[in-house]
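A.B. asks: Which chain is which? The protein sequence lines are S and V, in order. Residue numbers for the first sequence, in this note's numbering: 1 to 408. Residue numbers for the second sequence, in this note's numbering: 409 to 816. A single structure is presented below for examination.
Number of protein chains: 2
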Amino acid sequence: MNQFFKVKTLEEVLELRREFFALESETIHVKDAYSRVLFRDVAALSDLPGFRRATMDGYALAADATFGASESSPAWLNVQATILMGDVPDFVLEPGMAAKISTGGMLPEGADSVVMVEHTEAVDETSVEIYKSVAPLQNVIDASEDFAQNQVVLPRGRFIRPQEQGLIAGLGFETLEVYQIPKVGIISTGDEIIAINEPPGPGKIRDINSYSLAGFIREAHAIPVSYGIIKDDPAAMKTALEKALEETDMVLISGGSSVGAKDYTLDVLSKIVDTQVLFHGISVSPGKPTILAKSGNKPVWGLPGQVVSAMVVFKIAVVPFLDHIKGLKKQRPRIQVRGRLTRNLSSAQGRRDFVRVLLEEKDGQQQVVPVLGKSGLIRTMIFADGLLEIGEDVEGLEKDTLVDVILL
Amino acid sequence: MNQFFKVKTLEEVLELRREFFALESETIHVKDAYSRVLFRDVAALSDLPGFRRATMDGYALAADATFGASESSPAWLNVQATILMGDVPDFVLEPGMAAKISTGGMLPEGADSVVMVEHTEAVDETSVEIYKSVAPLQNVIDASEDFAQNQVVLPRGRFIRPQEQGLIAGLGFETLEVYQIPKVGIISTGDEIIAINEPPGPGKIRDINSYSLAGFIREAHAIPVSYGIIKDDPAAMKTALEKALEETDMVLISGGSSVGAKDYTLDVLSKIVDTQVLFHGISVSPGKPTILAKSGNKPVWGLPGQVVSAMVVFKIAVVPFLDHIKGLKKQRPRIQVRGRLTRNLSSAQGRRDFVRVLLEEKDGQQQVVPVLGKSGLIRTMIFADGLLEIGEDVEGLEKDTLVDVILL
């Protein structure tokens, strides 16, 4: 039997991202920007909002006209005009005067603040009493207070959330340059694997990995491309891999990554031009029999055929590489939920374990409950809400320890 | 000026989900199942995996043949056959015999367990020494151990994650019935709002909400449909709303939801057939001027035109309604990150505040840093990683309190 070689820790594996460049860019409409990654800095072409706006319904005025005003001694002002939303005031507010204004309305020249309508009382059509003083710029947003002209508001490499999509539109960009969406090829291998619409027989199992991996690729905002099921035949695998490398930006080969008699992934990789194996074996459980190769600038993964291992490796190792080739710079905060472990967990030293857990609220406390069942059962992933990571240097975790869970 | 009426708390608002039915179903291919919601229970048509499989490379045997085996006193067995992956053993394993097997391979009749190759040594081609005993079913997955025939494995209303997509495929379902994806109409209103490709002038602001709301709708796995910008004109708003109600499953009207002179959303709703307003005003900040109406079975929201308020209300109130009409039953765990507040925060009683915060790791501790700046500034949402909720009964939070943050 062959042996694993170049076994690496998860940290060492993640370091290998540097071996790969990010993808090229493309130009898209801002309405499609959600979940994309900025290829260039976005700067404000002009001030935002661009004029002094009211943030309350009330009266626009010069703050000094209200100084000393109180319930018992209100300030008394003439109402010079009413400004409706969208109006451009064509007058200068005179000293001692106020203009009625709505939230979002534009302040006239001469006004520096807004007094809330709740702190006023209209005496008649043309005059108002003010019961509370305001400071300059109170209840207004100044012309460049959100963003000033020429300021870089979003850096290259930034993930575009809904609020960034709104801001880019608000800055007047109808189109923008973003990194391309990675296409990820999936090749399922194994003589025992049959298509999901084939009648199953003894010794055969349906192709789960093509579908779960496609789901994980979608979840990571990338595009799965399936290359079907290939038998354990190096020539057929080589043909499929070459096609996938031609058409996609990253390839996942499910199965054939271990050291058994029919594990041909390493063999096949050695026959592809301009391709080198970066590691074989990763010191995590489940998921040890994993291969990463570099073919040109494209990562090629040999993933365990075992369904749970394939999922865990995708989540903890493949996703960071996908983010990297997508151009993502600022990592979003890793989504973890903290809770209290409900029982002791043992773990082998020198290996990082990912234990499937479910989250249960009990007496207002988050409980982290390990999912029982053999590691190879897909049911453990179905019942799980997340993965609990146990480090290489830890022999196990005691009941009641506070732990962080990576959500699934 | 009009007044808010039927002001509700967030809990009261969320209770109103019951007023609405979930959408109809459609049949899709399992490859497209990720992020959909199951319309029917999924049951296993047969056992999974369906036969007894090895989870390790080694030798399949009857466990009792290994009892008492140790390094110093190994058990000695004849090797009856070698089973390759995908093979269907056409023999019965005889007592005292073993069959060489790979991970995933099918055990022959007569074998109930697998001894790992690491605990064996091949003596010659036909015999092997076993250094460790195994228990029945050790290192195997039994025929129905993942799921048994006719067992309901996934209930109606379940969100399909990548692992559920894989399982459904593994059970042999090429197609499945899921709830339709909600289409959500967006109508942007306001005389001050201009299209993003129009030259901005004083008093005008570009249409941010159509784009940020579209992003939030995508993030919630629904489909945004934009109906453009409508001036503050009840007749035009009514026409746009009727069209949106015709074509979509939920409508968001951005702007016109407050109590100002040009806030026509309530007026317009009163003129649409079979439509009743469920509330006007929600006791949260930002976001008070919010309206929910029921038109037939469709929720119609009047959202604040103020960009930050619109985003917060979408996230905390609209998303749960979207999940509801999508048919989602088991809520996934709410994604919250716990951290330590870096400064005192005040809050008005009787109102639920959503403070924008950023997350910063410091000395291995998660810090929750409130984002400074006026509530109306979009920059506060851009700099924020999440929202910190401060309840109605709380006057404020002290520095160093442990708090949970809803991720943005």
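Ideal Cβ placement from N, Cα and C applies to all residues, glycine included.
Could you check if V/T698 is buried or exposed, using at least 16 other CB atoms within 10 Å of its CB as the buried criterion?
C.D. replies: Along the second sequence, one-based indexing puts residue 698 of chain V at 290. By the 10 Å Cβ count, V/T698 comes out buried.
A.B. asks: If the cut-off is 9 Å on Cβ atoms, which residues from the stretch 517-540 of chain V count as contacting chain S, listed in chain order?
C.D. replies: V525
A.B. asks: Can you find at least 3 beta carbon pairs, one from the stretch 195-215 of chain S and one from the stretch 155-174 of chain S, that sit closer than 8 Å?
C.D. replies: No, because fewer than three Cβ pairs between the stretch 195-215 of chain S and the stretch 155-174 of chain S fall closer than 8 Å, the two stretches do not touch.
A.B. asks: Taking a Cβ distance cut-off of 9 Å, strictly less, list which residues of the stretch 558-592 of chain V are near chain S, in chain order.
C.D. replies: V561, L562, I568, R569, P570, Q571, E572, Q573, G574, L575, I576, A577, G578, L579, G580, F581, E582
A.B. asks: Which runs of the beta strand (DSSP E), 3 residues or longer, sit entirely within the stretch 548-578 of chain V?
C.D. replies: 560-562
A.B. asks: Between V/A643, V/A628, V/H688, V/S620, which lies nearest to V/S634 when the distance is taken from Cα to Cα?
C.D. replies: Residue numbering aside, residue 634 of chain V sits at position 226 when the second sequence is read from its first letter. With distances taken between Cα atoms, V/S634 lies closest to V/S620.
A.B. asks: Between S/G256 and the ligand NAP, is there a pair consisting of the residue's CB and a ligand heavy atom that are separated by less than 6 Å?
C.D. replies: The ligand NAP is not part of the structure shown, which contains no ligands of any sort.
A.B. asks: Can you list, in chain order, the residues of the stretch 604-615 of chain V whose Cβ is nearer than 9 Å to any Cβ on chain S?
C.D. replies: I604, N605, E606, P607, P608, G609, P610, G611, K612, I613, R614, D615
A.B. asks: Can you list the residues of chain S that V/R787 reaches, using a CB-CB cut of under 9 Å?
C.D. replies: Counted from its first residue, the second sequence places residue 787 of chain V at position 379. Going along chain S in sequence order, the residues near V/R787 (Cβ under 9 Å) are L48, E145, D146, F147, V153, L167.
A.B. asks: Helix, strand or coil: which one does DSSP assign to V/G623?
C.D. replies: Your numbering for residue 623 of chain V matches position 215 in the second sequence. It is helical.
A.B. asks: Enumerate in chain order the residues of its own chain whose CB-to-CB distance from S/R17 is below 8 Å, with the five nearest sequence positions on each side excluded.
C.D. replies: Reading the first sequence from its first residue, position 17 is the one you call residue 17 of chain S. Answer for S/R17: P320, F321, H324, listed in chain order.
A.B. asks: For V/V496 and chain S, any beta-carbon pair shorter than 7 Å?
C.D. replies: Here residue 496 of chain V refers to the residue found at position 88 of the second sequence. True, the Cβ-Cβ gap to chain S drops below 7 Å.
A.B. asks: Can you list, in chain order, the residues of the stretch 435-448 of chain V whose Cβ is nearer than 8 Å to any Cβ on chain S?
C.D. replies: Per Cβ criterion, the list reads V438, K439, A441, Y442, S443.
A.B. asks: Is there a C-beta anywhere in chain V that falls below 7 Å from the one on S/K262?
C.D. replies: Mapped onto the first sequence, residue 262 of chain S falls at position 262. Yes, S/K262 lies at the interface with chain V (some Cβ there is under 7 Å from its Cβ).
A.B. asks: Please state whether the Cβ-Cβ distance between V/Q365 and S/G215 is less than 7 Å.
C.D. replies: Here chain V comprises residues numbered 409 to 816, so residue 365 of chain V is not present and cannot be evaluated.
A.B. asks: Using alpha carbons as the reference points, say which of V/S478, V/A669, V/F581, V/G664 lies closest to S/L84.
C.D. replies: Here residue 84 of chain S refers to the residue found at position 84 of the first sequence. Taking only the C-alpha atoms, the option nearest S/L84 is V/A669.
A.B. asks: With 9 Å as the limit, tell me which residues of the stretch 218-232 of chain S have their beta carbon closer than that to any beta carbon of chain V; keep them in chain order.
C.D. replies: R218, E219, P224, S226, K231, D232
A.B. asks: Go to S/T401, then tell me how far its alpha helix (DSSP H) extends in each direction, as first and last residue.
C.D. replies: In the first sequence, the residue the question calls residue 401 of chain S occupies position 401. Per DSSP, S/T401 belongs to no alpha helix (DSSP H) and is neither H nor E.
A.B. asks: Less than 7 Å between the C-beta atoms of V/I637 and V/D657, yes or no?
C.D. replies: Stepping through the second sequence from its first residue, residue 637 of chain V is reached at position 229. Stepping through the second sequence from its first residue, residue 657 of chain V is reached at position 249. For V/I637 and V/D657, no; Cβs fall outside 7 Å.
A.B. asks: My understanding is that S/S295 touches S/I187, with C-beta atoms under 8 Å, so please give their C-beta distance in whole angstroms.
C.D. replies: Position 295 of the first sequence, counted from the start, is the residue given in the question as residue 295 of chain S. Position 187 of the first sequence, counted from the start, is the residue given in the question as residue 187 of chain S. Going by Cβ atoms, the distance from S/S295 to S/I187 rounds to 13 Å, so no, they are not a contact pair.
A.B. asks: Can you list the residues of chain S that V/Q714 reaches, using a CB-CB cut of under 9 Å?
C.D. replies: If you number the second sequence from 1, residue 714 of chain V lands on position 306. Ordered by position in chain S, the residues that pass the 9 Å Cβ test against V/Q714 are T55, T103, G104.
A.B. asks: Shortest alpha-carbon distance to S/R351 belongs to which of S/F91, S/Q138, S/P199, S/S285?
C.D. replies: Working through the first sequence from its first residue, we reach residue 351 of chain S at position 351. Taking only the C-alpha atoms, the option nearest S/R351 is S/S285.
A.B. asks: Listing by chain order, which chain S residues have their CB less than 8 Å from the CB of V/A622?
C.D. replies: To locate residue 622 of chain V, count along the second sequence from 1; it is residue 214. The contacting residues are K31, Y34, P162, Q165.
A.B. asks: Could you list which residues in chain V have their beta carbon closer than 8 Å to that of S/I382, in chain order?
C.D. replies: Taking the first sequence and counting its residues from 1, the one referred to as residue 382 of chain S is at position 382. The contacting residues are V561, L562, Q571, E572, L575.
A.B. asks: V/L795 by DSSP, collapsed to three states: which one?
C.D. replies: Residue numbering aside, residue 795 of chain V sits at position 387 when the second sequence is read from its first letter. Residue state, collapsed to three classes: strand.
A.B. asks: Would a check of beta-carbon distances place V/F412 closer than 7 Å to chain S?
C.D. replies: Position 4 of the second sequence, counting from 1, holds the residue named residue 412 of chain V. V/F412 does not count as touching chain S.
A.B. asks: Using 10 angstroms around the beta-carbon of V/W484, count the other beta-carbons present and answer buried if the total reaches 16, otherwise exposed.
C.D. replies: To locate residue 484 of chain V, count along the second sequence from 1; it is residue 76. Classification of V/W484: exposed, given that the 10 Å Cβ count is below 16.
A.B. asks: Suppose the cutoff is 6 Å on Cβ atoms and the five residues either side in sequence are ignored; what does the same chain contact list for S/Q180 look like?
C.D. replies: Taking the first sequence and counting its residues from 1, the one referred to as residue 180 of chain S is at position 180. These residues qualify, in order along the chain: L23, E24, E26.
A.B. asks: Flag this pair as yes or no: are the beta carbons of S/L106 and V/G598 separated by less than 7 Å?
C.D. replies: What you label residue 106 of chain S is simply residue 106 of the first sequence in a count that begins at 1. What you label residue 598 of chain V is simply residue 190 of the second sequence in a count that begins at 1. Before going on, a small fix: residue 106 of chain S reads as Met here, not Leu. No; because the gap between Cβ atoms is not below 7 Å, this pair is not in contact.
A.B. asks: Can you pull the chain V residues whose beta carbon is under 7 Å from the beta carbon of S/Y59, in chain order?
C.D. replies: Along the first sequence, one-based indexing puts residue 59 of chain S at 59. Residues of chain V passing the Cβ test: none, with the nearest at roughly 13 Å.
A.B. asks: Could you check what DSSP says for S/T380 in three-state terms: helix, strand or coil?
C.D. replies: Mapped onto the first sequence, residue 380 of chain S falls at position 380. S/T380 falls in the helix class under three-state DSSP.
A.B. asks: Is it the case that the Cβ atoms of V/D465 and V/S521 are separated by a distance below 7 Å?
C.D. replies: By one-based count along the second sequence, residue 465 of chain V stands at place 57. By one-based count along the second sequence, residue 521 of chain V stands at place 113. Their beta carbons are not under 7 Å apart, which means V/D465 does not touch V/S521 by this criterion.
A.B. asks: Using the DSSP secondary-structure output, state which residues sit across from V/N617 in a beta bridge.
C.D. replies: Numbered from its first residue, the second sequence carries residue 617 of chain V at position 209. In the DSSP output, where bridge partners are listed per residue, V/N617 has none listed.
A.B. asks: Look at the alpha carbon of S/K6 and the alpha carbon of S/L278, and state the distance between them as a whole number of angstroms.
C.D. replies: As a first step, residue 6 of chain S must be located in the first sequence, where it is residue number 6. As a first step, residue 278 of chain S must be located in the first sequence, where it is residue number 278. Going from the Cα of S/K6 to the Cα of S/L278 covers about 8 Å.
A.B. asks: If we cut at 7 Å on Cβ distances, does V/M645 have a partner in chain S?
C.D. replies: Reading the second sequence from its first residue, position 237 is the one you call residue 645 of chain V. Interface annotation, V/M645: not in contact with chain S, CB-CB separation never under 7 Å.
A.B. asks: For chain V, find out if any of its Cβ atoms is closer than 7 Å to the Cβ of S/G376; answer yes or no.
C.D. replies: Locating residue 376 of chain S in the first sequence gives position 376, where the first residue counts as 1. Yes - at least one Cβ of chain V is within 7 Å of the one on S/G376.
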